[in-house]
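Notes for the one structure printed next.
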Amino acid sequence: MRILEAQEVTKAFGGVVAVNKVNFNVEQGLVNGLIGPNGAGKTTLFNQITGMDVPTSGKIIFDGNDITGLPAWKISRLGIARTFQNIRLYNDLTVVENVMMGLHFKVGSDPFHHRLAQAFRSYFNAGKENRELYTRALEWLEFFNLTHVKDEFARNLPYGNQRELEIARALASEPKILFLDEPAAGMNPAETEHLMKIINRIKEHGVTVVLIEHDMKLVMNICDNITVLSFGQKIAEGTPEEIKSNPLVIEAYLGREDD
Amino acid sequence: MDTLIQYLQYFVNGITLGSIYALIALGYTMVYGILKFINFAHGDILMVGAYIGLLTYTALLGSSTSAVWMLAAFFIAMIISMAFCALLGMFIERVAYKPLRNANRLAPLLSAIGVSFILSNGAAWIFGAQSRRFPYPFDDTPIVIAGLSITPHQILTMAVSVIMMIVLTLFVNKTKMGKAMRATSLDQSTSELMGIDANKIISMTFAIGSALAAVGGILASFDFRVYASMGTMTGLKAFVAAVIGGIGNIQGAMIGGILLGVLESIGAPLLGIPSALRDTIAFAALIIILLVRPEGILGKNEREKV
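Order-wise, the sequence lines are chains A and B. Okay, so the first sequence: first residue is 420 according to our numbering, each after it adds one. Okay, so the second sequence: first residue is 141 according to our numbering, each after it adds one.
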């Protein structure tokens, strides 16, 4: 089943068309890969879908609703979480507090929804609620093997752990889809190995994953289907096996053989 | 013994004055915490608050002389003034600051100074240049305890300020909206990823800050009268208080405000400064804190990343 559908999405920056009439489908419960050479428009497409930017034309349908052009906070409330190439954490909060943030502003719990009544209720339950959130945050840290650094400031974590923390926080908000933008960038082979395990466990958890990645070993190993972009256009989609043997994809990555 | 009591008296007066500074400083500090921007129109909002408070109070009171109704009318007037200023603050943010949010940092600052002129000159135009007295809603005969005299309006000022500060602290720390506000002040773009509507939080921050300024304005007018430019000096001092406490830090604004009030009140007699020059104390304190601890008492030392 398609949980998200980008229809003919185009994004132009002045004269440069970064994404050109791309149709991109995300299948529920699977790991969907998005690959392509540098500058192919992968992150730009992510930005259109997650509300960081407004598409020039085209439509984005999520769970049957048109979400084209909605602001990022609204899209994240609907259940679309994402991580970034350049990690975005609350640097001045500790690791466990970062995860608590994700839990606190969980999908569907609008802090403005019940206004006064909610404010009063949340006040009287604050202590209990905080203890609960703390316990649940620790469970997430356990899941990511981050328990030993729970009281470190996020800014002091090694790079690989910061990426994991960003994913942990995104997952804690219980999204329906998780968009990961180059999660393995800058990771060493052992960390990448660990990341693959994590992504598989996320899938087992029932969360749909969309993944931009350059590490082909990772992509071919864990993706159920792959979409390939080149110069802003979709040039192929299919299973990892199909993509590996697609001549257009090989050409896009290696260039045409001149004879 | 006499001098001791005298200084205790200055201390009490200082705390009263300081709690007014603190209420106003909170508005500066909360807006700075979220937008990293000094709202220079904040002082004039306290002036508007004082006028609205005075007008509604006189209108509500009519010719009644009932002691109970006087006090009730005062609190009703204060609440109306808070609501009015909250809306005014949100409106100003919407028309004068929001369109400039992605502009050069100087642009909203200049816009704020413009708003400040519009408010103070607008008030002078509507209400005239004459200053008005804010009548005490009760008999203001000082109560003398062991040589210390304290007036009912000083007690009212302290009580109202303390209640406001407690309510604000509970709101910010314990409620979900308060937490969303703190999250936004830590990192706005990350908070949007958490599903927090930053625009709403910013509006709310202006509303709360302006409502507190209205209270500060009304309480200040017992001592300083109500006039169109009353917000300039009081606003500036509250800003100094916010910087002393650590701008962006809510507890800091409270501490800074009270500290500044006490310094002003005790400093002048202690250093033998003529009382006409006592305003210099606040600004001398600002210079000293900027030299010694530029991040303020509770502020965090933010080193520029290289």
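Built from N, CA and C at the ideal position, the CB exists for glycine as well.
| Asked | Found |
| --- | --- |
| CA nearest to the CA of A:R582, picked from A:F503, A:A425 and A:N439 | A:F503 |
| Contacting positions in the stretch 316-340 of chain B - beta carbon closer than 9 Å to chain A | K316, M317, G318, K319, A320, A323, L326, D327, S329, T330, S331, E332, L333, M334, G335, I336, D337, A338, N339 and K340 |
| B:T372 vs B:G254 beta-carbon contact at 8 Å | no |
| Rounded C-alpha distance that separates B:F116 from B:S325 | In the structure as shown, chain B begins at 141 and stops at 446. Residue 116 of chain B is therefore absent and cannot be evaluated. |
| Residue range of the alpha helix (DSSP H) that includes A:L663 | A quick correction: the sequence has Lys, not Leu, at residue 663 of chain A. Segment P659 to K663, the alpha helix (DSSP H) holding A:K663. |
| Exposure label - B:S329; buried when at least 16 CB within 10 Å | exposed |
| Proximal residues of chain B, C-beta to C-beta of A:K433 below 7 Å | For clarity, residue 433 of chain A is Gly in the given sequence; the question names Lys instead. Here the premise fails: no neighbours, minimum Cβ distance about 18 Å. |
| Residue from A:L552, A:K595 and A:F572 whose Cα sits closest to the Cα of A:D482 | A:K595 |
| Simplified DSSP assignment, three categories, for B:V255 | helix |
| Distance between A:L599 and A:G477 (C-alpha atoms, nearest Å) | 22 Å |
| Residues of its chain near B:A381, where Cβ-Cβ distance is below 6 Å and the 5 sequence neighbours each way are ignored | Y161, A165, G396, G397 and L400 |
| B:V208, enclosing alpha helix (DSSP H) - first and last residue | A207 to I232 |
| Outcome for B:V300 when other beta-carbon atoms lying within 10 angstroms are tallied against a minimum of 16 | buried |
| Pairwise C-alpha distance: A:N607 and A:H633 | 14 Å |
| Near-chain B residues of the stretch 489-502 of chain A (beta-carbon distance less than 8 Å), N- to C-terminal order | P490, A491, W492, K493, S495, R496, A500 and R501 |
| Identity of the residue in A:R501, A:G458, A:L614 and A:N510 nearest A:T469 by Cα | A:R501 |
| Which listed residue (A:I621, A:M519 and A:V436) has its alpha carbon closest to that of A:R550 | A:M519 |
| Contacts of A:H523 in chain B (Cβ-Cβ under 9 Å) | K316, K319, A320, A323 and M334 |
| Residue nearest to B:Y197 in terms of C-alpha spacing, selected from B:K176, B:N261, B:S221 and B:L186 | B:S221 |
| Any 3 or more C-beta pairs closer than 8 Å across the stretch 302-315 of chain B and the stretch 172-190 of chain B | no |
| At least three beta-carbon pairs within less than 8 Å, the stretch 484-501 of chain A to the stretch 443-459 of chain A | no |
| Local conformation of A:T429 per DSSP, three classes | strand |
| The ligand MN heavy atom lying under 7 Å from the CB of B:N389 | This structure simply doesn't include the ligand MN, nor any ligand for that matter. |
| Status (buried if at least 16 other CB within 10 Å, exposed otherwise) for B:N244 | exposed |
| Cβ of A:M520 within 8 Å of any chain B Cβ | yes |
| Contact belief for A:K461 with A:I654 at Cβ below 8 Å, rounded distance in angstroms | Not a contact, Cβ separation roughly 13 Å. |
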